[in-house]
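Protein chains in written order, with this note's numbering: chain A, 921 to 1560; chain B, 921 to 1560.
Protein chains: 2
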Amino acid sequence: MKTYKVTFLPEKKEIEVEEDTTLLQAAEKADAFINNLCGGEGLCGECRVQIVSGNAHPDKHTLGFLTGEEIEQGFVLACQTKVKDNLTVMVPVKSRAEQEKILMTGSPVVYGEPEKVVLTRRPRERATSYDPLVKKVYLPLPEPTLQDNISDIDRITRELRKVTPYQDFEISLACLQNLADKLRENDWKVTATVARHNDTGRILKIEEGDTSNRDYGLAIDIGTTTVVVQLIHLKTGKILATKGSHNLQARYGEDVISRMVFACTRGSVDPVHKAIIANINNLTRALIKDCRINPEDIDVIVAAGNTTMSHFLLNLRPCAIRLEPYVPTATVYPQIFAREVGIEISKQGILETVPSVASYIGGDIVAGVLACGMADRPETRCLIDIGTNGEIVIGNNEWLVCCSASAGPAFEGAGARSGMRATAGAIEKVEIKDGTVQYETIGKVKASGICGSGLIDVIYEMVRNGIIDQNGKFNTTRQNPRLNVEDGDLRYLIVPASESETSQPITISEAEIANLMKSKGAVFAAIKSLTDYVGLSFDKFENIYVAGGFGSSLNIPKAIAIGLLPDIDTKRMQFIGNSSLTGARMALMSIANYEKTLEIGRRMTNIELSNYTPFMNEFIAALFLPHTDSKLFPSVKYRR
Amino acid sequence: MKTYKVTFLPEKKEIEVEEDTTLLQAAEKADAFINNLCGGEGLCGECRVQIVSGNAHPDKHTLGFLTGEEIEQGFVLACQTKVKDNLTVMVPVKSRAEQEKILMTGSPVVYGEPEKVVLTRRPRERATSYDPLVKKVYLPLPEPTLQDNISDIDRITRELRKVTPYQDFEISLACLQNLADKLRENDWKVTATVARHNDTGRILKIEEGDTSNRDYGLAIDIGTTTVVVQLIHLKTGKILATKGSHNLQARYGEDVISRMVFACTRGSVDPVHKAIIANINNLTRALIKDCRINPEDIDVIVAAGNTTMSHFLLNLRPCAIRLEPYVPTATVYPQIFAREVGIEISKQGILETVPSVASYIGGDIVAGVLACGMADRPETRCLIDIGTNGEIVIGNNEWLVCCSASAGPAFEGAGARSGMRATAGAIEKVEIKDGTVQYETIGKVKASGICGSGLIDVIYEMVRNGIIDQNGKFNTTRQNPRLNVEDGDLRYLIVPASESETSQPITISEAEIANLMKSKGAVFAAIKSLTDYVGLSFDKFENIYVAGGFGSSLNIPKAIAIGLLPDIDTKRMQFIGNSSLTGARMALMSIANYEKTLEIGRRMTNIELSNYTPFMNEFIAALFLPHTDSKLFPSVKYRR
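Following this line, the structure appears as structure tokens:
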């Protein structure tokens, strides 16, 4: 079979592929990332690339995604274009995902450690009860005598009982098999690595001499979009470094549903599973290199993700999650050796996956509840996590209820021609004043598109300035030079082509606004339904915590003003960023916190909205800016 | 390299071996068993074989073990003879071990189920609490609905909670990974195999449909000399079949000490470990074939053996057991997958090893305590297990003490020219009356030697008839045609050459009697020291149970009369045979019994006799028939 060379710019990644390979597959092989929402079906148009040299053969049907100008410039859809020549291909910023915002920030603070959480709950602040899930204990043992000739392993556990919370211990056969020699050859000085396993101490390994300082763990957040790995020195509780990257599973679909469809119909679970393992191994290798540690000294991982991500992590088939009645294989996941799924840490290192509650309430939410501390205190609080799904939790130390609503990926930049994820070049803040649009982009570079927080700002600013009405329709009674017809649709101009990175104007249409309103409506309807379900009103919430991938640029007052978030005193509202990672780290660093994730998972009552009539009514009522019932938003006043 | 064919008679086992292979190694390869006590060092003379055809080249030094007549007949020591020709070799009865007494008895009753134990404690007699360590549970599950959409594994554990004693369950990742499909493809009808693991239920596998009838377990006694495997149908508690064979480890030494020396100095642990695994696999294969079951349906093994055997079973180094201060690697052994040590049952099948107490009080004794029920009742009882070591346990439901004394292998037939193990042709009963000797052999065949119970009888009969005095010395004042000088030693003739299988006379010398007196003295001294230690006297024992490899032919009154066993009412004394196997089976068939083995192991206090002065004094006092203190044996009267 003929092979051709394909070079992906700007990174100059080269690959030799067989004839008829698609450009998307070639990019996958070359490790050049190209966005795609639909999993290579030619349905989303996200994988636009520009042929710089060579003859490409795009599938004609998919040219409908491209403007005439784009076609002239050599743009094609990578998933629908087969290689029949040596090619040089430019992947435009908009189609790349390497420069996720999450990657550009070195400090762990970015991951949204709310100050309150840091001060009151971060395990390392409470030295007396600091007790990580896996602990290395140095044991200088007394030598046996005829008066004290208990077995070698009993000699070890006798000491461990004094310094760990466990009474009973488990040990693997392999660990026992060389124990006698190890003790005698090292003058009875060894270090035991002990993990919590159910209520017993599981001895993972016994090392020669004192290795108690070489004791590391990983906290991992497996987001649908991004994966973040944090390296922690368990002896001190210090966060050594954090790295994040896009989720490589995006090759198989942008959102969880399309990945499930791939895994359960066209493809199989295995490649989707392997993608997330590759993510974790890549990030871990980078952390190990930066911090100059030995992977054999990483003995524990706590990972949090939504239920589908947790299934893919463990190579469980998530196929019944997708379809009514939405049944996962498991919500509480077994403690496994990380090597069982191919994660390259210590041979005996364990992987704990934060438990889920149901198919659409995952470990990320359980970790979030842990992180914000709402399950510990008597006052009622609310946690709102906004992504493709909006998950809501309400409760206190006595009860917790939750629900999940499919919000669609609008706030992640999908479904809008100029929408994009929160990566470099995305507009994250917008202000419209006297007909001029001011904006800020991530990375302070030329604008390539607009992300979730930018879209919230845009809608708010458009209503405030009377450009759209409270139904989301353009006000065509007034002249507006920024409002133009394009392909038969009215579009509002945010950034002219001359200013943008892509030389395309950044605009928004009525249909796209309607789509965003559906998303915000679904989230708000879920919050309102759940609040009604428990017989409360918003003002009863001591706090509302907002988590999600917006980045730190989320403007809460504007999010209230468009009716996405409830209208309560913004002092009681807090953006807590990546609370999934925070919760995973807290569980890693404290047995009590880990056990709390199990308790939270058990205590949370999930309300299935797909089965719940009030939700549909609330959804319809929420398709207005801010809401058809203005009494719900007393502080929001638009000029009429 | 040249190869030669060696044929072992009488079984006609043929093997092709390289030049210079020893006959012992060749026999090992050919699976023709030849006794050897010293592990192939040319020190014990037990591996005599007869060259029938071909030229053998025995090492000249070892010819000292053979009489001139034997040399003429072509006898050589197999371990010291190298193959340099095609050979046909006869293995005489005395050098064979295939026909252990244990093998010749099909019925499980032979394994010494004391009647009391059968009636009061055998799990299947108590149907209501019959609860094997591993249980298959058929689960016809309700299909999930939107109102009942718990995870697949929760759906399974919800049902298991109703029918097992467990509240919490563990499951392996492998078992979870194909669960979703298995349930949906089988109409929600599956069978879960659940094992006790700590206090939780460990789900070993989930099978399609109803397999609850295909549910088997093995109880195994790993004796130093013999290995017995028993197949049990766990659903009904029925013993399906029992098979035993010599312990293949005998290749590396007859007793535990020489095997430890081999494993820790000349050789390594691995071959000794592999030998016992081969034993278990051979016996299991034979049981599987006879009972026509699938090895994949055997999901659990409970094995009991002394501490060294348990270490060899699990491939733990027993090297510190042998030397002061006698420290084993472990006394409580982890639950492992049988496949981890190469035992060929179900992939997920588990192996539980009955816990030991100390280096010389093993799981066989703990199983024995379980079997005789002494740890359950308020009256104080005593268990005596006689082998190369004599182990003694005294106690009741409140306390248990134990000790072990090195008795030497005299009662196993070693150390005497005519001694042999309790195999076919061994004299097991002797009576001397009016100068004639009457005897019975195992298997009712021609006598080849004399085993433990026969030796006890011989000593008793010799004292009773005034042939020896109470010091064990021959009475030479009276003429006795059976007393002859041979190689400078006086020897008493039991069986003349003309009547014996080997055409050698079966005789006993003063030195051999002295050796037996040391063995019985050590056992009695241990019983006496331990009884004194707890401040009791023999008459306070409600029962004395005697266990060990004597076979059912042990004559208790004669064992008392020579001072081996305490002089109490023989109605209160009971021979319980292989109580190690009985205990292992009881643990297999009941979780409560298994847990009792752990409790017994923890409760038993071991007294180190090597460190205990009263024992040495008792030992010296016991070197008399029956004892220097005749008040200890009021019922024993010999004519003076």
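By construction, the Cβ of each residue, glycine as well, lies at the ideal position given by its N, Cα and C atoms.
(message) Tell me the rounded alpha-carbon separation between A/Leu-1545 and A/Leu-1552.
(response) Here residue 1545 of chain A refers to the residue found at position 625 of the first sequence. Here residue 1552 of chain A refers to the residue found at position 632 of the first sequence. C-alpha separation (whole angstroms): 12 Å.
(message) Using a Cβ distance threshold of 8 Å, determine whether the segment 1477-1496 of chain B contacts the segment 1428-1435 of chain B, with at least three qualifying pairs required.
(response) The segment 1477-1496 of chain B makes no contact with the segment 1428-1435 of chain B; the number of CB pairs closer than 8 Å stays below 3.
(request) Measuring alpha carbon to alpha carbon, tell me which of B/Asp-1005, B/Lys-1002 and B/Ala-976 ends up nearest B/Ile-991. (result) As a working mapping, residue 991 of chain B is identified with position 71 in the second sequence. Out of B/Asp-1005, B/Lys-1002 and B/Ala-976, B/Ala-976 has the C-alpha closest to the C-alpha of B/Ile-991.
(request) Please find out if some non-hydrogen atom of the ligand ZN comes closer than 6 Å to the beta-carbon of A/Ser-1457. (result) Although the ligand ZN was asked about, the structure shown includes no ligands whatsoever.
(message) Could you compute how far the alpha carbon of A/Gln-1268 sits from the alpha carbon of B/Thr-1300?
(response) What you label residue 1268 of chain A is simply residue 348 of the first sequence in a count that begins at 1. What you label residue 1300 of chain B is simply residue 380 of the second sequence in a count that begins at 1. One C-alpha to the other measures close to 47 Å.
(request) Helix, strand or coil for B/Asp-1452, going by three-state DSSP, please let me know. (result) Numbered from 1 along the second sequence, position 532 holds the residue referred to as residue 1452 of chain B. In the three-state scheme derived from DSSP, where H, G and I count as helix and E and B as strand, B/Asp-1452 is classed as helix.
(request) Starting from B/Thr-1356, trace the beta strand (DSSP E) both ways and give me its first and last residue. (result) Counting from 1 along the second sequence, the entry for residue 1356 of chain B is found at position 436. Element bounds for B/Thr-1356: 1356-1361.
(request) Compile a chain-ordered list of the residues in the segment 1165-1176 of chain A whose CB is closer than 7 Å to at least one CB of chain E. (result) Chain labels in this structure do not include chain E; the protein chains are A and B.
(request) Can you grab the Cα-Cα spacing for the pair A/Gly-1369 / A/Glu-1174, in whole Å? (result) As a position in the first sequence, residue 1369 of chain A is number 449, starting the count at 1. As a position in the first sequence, residue 1174 of chain A is number 254, starting the count at 1. Each residue's alpha carbon lies about 18 Å from the other.
(message) Can you find the residues in the same chain that come closer than 6 Å, C-beta to C-beta, to B/Asp-1452, ignoring five residues on each side of it along the sequence?
(response) As a working note, residue 1452 of chain B is residue 532 in the second sequence. Within the same chain, B/Asp-1452 has no close Cβ partners at all.
(request) Assuming A/Arg-1237 and B/Ala-1100 form a contact by the criterion Cβ under 8 Å, report the distance between their Cβ atoms to the nearest whole angstrom. (result) The residue you call residue 1237 of chain A lines up with position 317 of the first sequence. The residue you call residue 1100 of chain B lines up with position 180 of the second sequence. Rounded, the Cβ-Cβ distance is 5 Å, consistent with contact.
(message) Please report the distance separating the alpha-carbon of A/Arg-1297 from that of A/Gln-1169.
(response) For the purposes of this step, residue 1297 of chain A is taken as residue 377 along the first sequence, with counting starting at 1. For the purposes of this step, residue 1169 of chain A is taken as residue 249 along the first sequence, with counting starting at 1. Roughly 38 Å between the two C-alpha positions.
(request) Output, in sequence order along the chain, the residues in the segment 1090-1114 of chain B whose CB is closer than 8 Å to any CB in chain A. (result) Contact residues of the segment 1090-1114 of chain B toward chain A are Glu-1090, Ile-1091, Ser-1092, Leu-1093, Leu-1096, Gln-1097, Asn-1098, Leu-1099, Ala-1100, Asp-1101 and Arg-1104 (C-beta to C-beta distance below 8 Å).
(request) Please name the residue or residues paired with B/Gln-970 in a DSSP beta bridge. (result) Taking the first residue of the second sequence as 1, we reach residue 970 of chain B at position 50. The partner list for B/Gln-970 (beta bridge, DSSP) reads B/Phe-995 and B/Met-1010.
(request) Might you give, ordered along the chain, the residues of its own chain that have their beta carbon closer than 6 Å to the beta carbon of B/Met-1024, omitting 5 neighbours on each side? (result) Along the second sequence, read from residue 1 onward, the residue named residue 1024 of chain B stands at position 104. For B/Met-1024, the predicted structure reports a pLDDT of 27, less than 50, and the residue's modelled location is therefore unreliable. A value from the coordinates is still provided. None.
(request) Could you tell me whether the Cβ of B/Arg-1237 comes closer than 7 Å to any Cβ of chain A? (result) Numbered from its first residue, the second sequence carries residue 1237 of chain B at position 317. It does: the Cβ of B/Arg-1237 has a partner Cβ on chain A nearer than 7 Å.
(request) Determine whether the Cβ of B/Val-1192 lies closer than 7 Å to any Cβ atom of chain A. (result) In the second sequence, the residue the question calls residue 1192 of chain B occupies position 272. Judged by the 7 Å Cβ criterion, B/Val-1192 is not in contact with chain A.
(message) What residue range does the beta strand (DSSP E) around A/His-1153 cover?
(response) Within the first sequence, the letter at position 233 stands for residue 1153 of chain A. Counting along the chain, the beta strand (DSSP E) containing A/His-1153 begins and ends at 1146-1153.
(request) Locate the alpha helix (DSSP H) running through B/Cys-1095, then write down its first and last residues. (result) As a working note, residue 1095 of chain B is residue 175 in the second sequence. Segment 1093-1097, the alpha helix (DSSP H) holding B/Cys-1095.
(request) Could you tell me the boundaries of the beta strand (DSSP E) in which A/Ile-1527 lies? (result) Numbered from 1 along the first sequence, position 607 holds the residue referred to as residue 1527 of chain A. 1524-1527 is the span of the beta strand (DSSP E), which, as asked, contains A/Ile-1527.
(message) Let me check one thing: in DSSP terms, what residues is A/Leu-1303 bridge-paired to?
(response) Within the first sequence, numbered from 1, the residue matching residue 1303 of chain A stands at position 383. DSSP output for A/Leu-1303 lists A/Val-1313 and A/Tyr-1465 as bridge partner(s).
(request) Ignore the nearest five residues each way along the sequence and tell me which others in A/Arg-1075's own chain have a CB closer than 6 Å to its CB. (result) Position 155 of the first sequence, counting from 1, holds the residue named residue 1075 of chain A. These residues qualify, in order along the chain: Leu-1061.
(message) Once the 5 residues before and after A/Ala-1240 are set aside, which same chain residues still bring their CB inside 6 Å of it?
(response) Sequence index remark: in the first sequence, residue 1240 of chain A carries index 320 (1-based). Answer for A/Ala-1240: Val-1247, listed in chain order.
(request) With a 10 Å radius around its C-beta and 16 neighbouring C-beta atoms as the bar for buried, classify B/Lys-1557 as buried or exposed. (result) Locating residue 1557 of chain B in the second sequence gives position 637, where the first residue counts as 1. Answer is exposed; the Cβ neighbour count stays below 16.
(request) Would you mind working out which of B/Asp-1459, B/Glu-1515, B/Ile-1482 and B/Ala-1512 sits nearest B/Lys-1491, comparing C-alpha positions? (result) Along the second sequence, one-based indexing puts residue 1491 of chain B at 571. B/Lys-1491 has its Cα closest to that of B/Asp-1459, out of B/Asp-1459, B/Glu-1515, B/Ile-1482 and B/Ala-1512.
(request) Return yes when the Cβ of B/Pro-1245 is within less than 7 Å of the Cβ of A/Leu-1066, no when it is not. (result) As a first step, residue 1066 of chain A is located in the first sequence; it is residue number 146 there, counting from the start. As a first step, residue 1245 of chain B is located in the second sequence; it is residue number 325 there, counting from the start. For A/Leu-1066 and B/Pro-1245, yes; Cβs fall inside 7 Å.
(request) Check each candidate in B/Tyr-1465, B/Leu-1413 and B/Gly-1483 and name the one with the smallest Cα separation from B/Ala-1445. (result) Position 525 of the second sequence, counting from 1, holds the residue named residue 1445 of chain B. Per the C-alpha coordinates, the member of B/Tyr-1465, B/Leu-1413 and B/Gly-1483 positioned closest to B/Ala-1445 is B/Gly-1483.
(request) Classify A/Gln-1358 as buried or exposed, calling it buried when 16 or more other Cβ atoms lie within 10 Å of its own Cβ. (result) As a first step, residue 1358 of chain A must be located in the first sequence, where it is residue number 438. If you draw a 10 Å sphere on the C-beta of A/Gln-1358, you find fewer than 16 other C-beta atoms in it, and that means exposed.
(message) Could you check whether the segment 1392-1412 of chain B touches the segment 1358-1367 of chain B, counting it as contact only if at least three pairs of C-beta atoms, one from each stretch, sit closer than 8 Å?
(response) Touching, no.
(message) Against A/Glu-1244, what residues of chain B qualify as contacts under a CB-to-CB distance less than 7 Å, listed in chain order?
(response) As a first step, residue 1244 of chain A must be located in the first sequence, where it is residue number 324. Near A/Glu-1244 (Cβ distances below 7 Å), the residues of chain B are Leu-1066.
(request) Give the single residue among A/Leu-986, A/Arg-1081, A/Pro-1064 and A/Leu-929 whose Cα lies nearest to the Cα of A/Leu-1007. (result) By 1-based counting over the first sequence, the position of residue 1007 of chain A is 87. Nearest to A/Leu-1007 by C-alpha distance, out of A/Leu-986, A/Arg-1081, A/Pro-1064 and A/Leu-929, is A/Leu-929.
(message) Closer than 8 Å between beta carbons: that is the criterion. Which residues of the segment 1219-1236 of chain B meet it against chain A?
(response) Within the segment 1219-1236 of chain B, the residues whose Cβ lies closer than 8 Å to some Cβ of chain A are Leu-1234, Asn-1235 and Leu-1236, listed in chain order.
(request) Sort A/Gln-970, A/Val-1350, A/Ala-1541 and A/Leu-1080 by Cα distance to A/Gly-1121 and report the nearest one. (result) Stepping through the first sequence from its first residue, residue 1121 of chain A is reached at position 201. A/Gly-1121 has its Cα closest to that of A/Leu-1080, out of A/Gln-970, A/Val-1350, A/Ala-1541 and A/Leu-1080.
(request) Can you pull the chain B residues whose beta carbon is under 7 Å from the beta carbon of A/Ser-1071, in chain order? (result) The sequence position of residue 1071 of chain A within the first sequence is 151, counting from 1. Chain-order list of chain B residues neighbouring A/Ser-1071: Val-1247, Pro-1248, Thr-1249, Ala-1250 and Thr-1251, by C-beta distance under 7 Å.
(request) Anything in the segment 1517-1550 of chain B with a Cβ closer than 8 Å to a Cβ of chain A? List those residues in chain order, please. (result) Taking 8 Å as the Cβ-Cβ cut-off against chain A, the residues of the segment 1517-1550 of chain B that qualify are Glu-1528, Ser-1530 and Asn-1531.
(message) 7 Å is my cut-off, CB to CB: does B/Ile-1270 come that close to chain A?
(response) The sequence position of residue 1270 of chain B within the second sequence is 350, counting from 1. Answer no: the Cβ-Cβ gap between B/Ile-1270 and chain A never drops below 7 Å.
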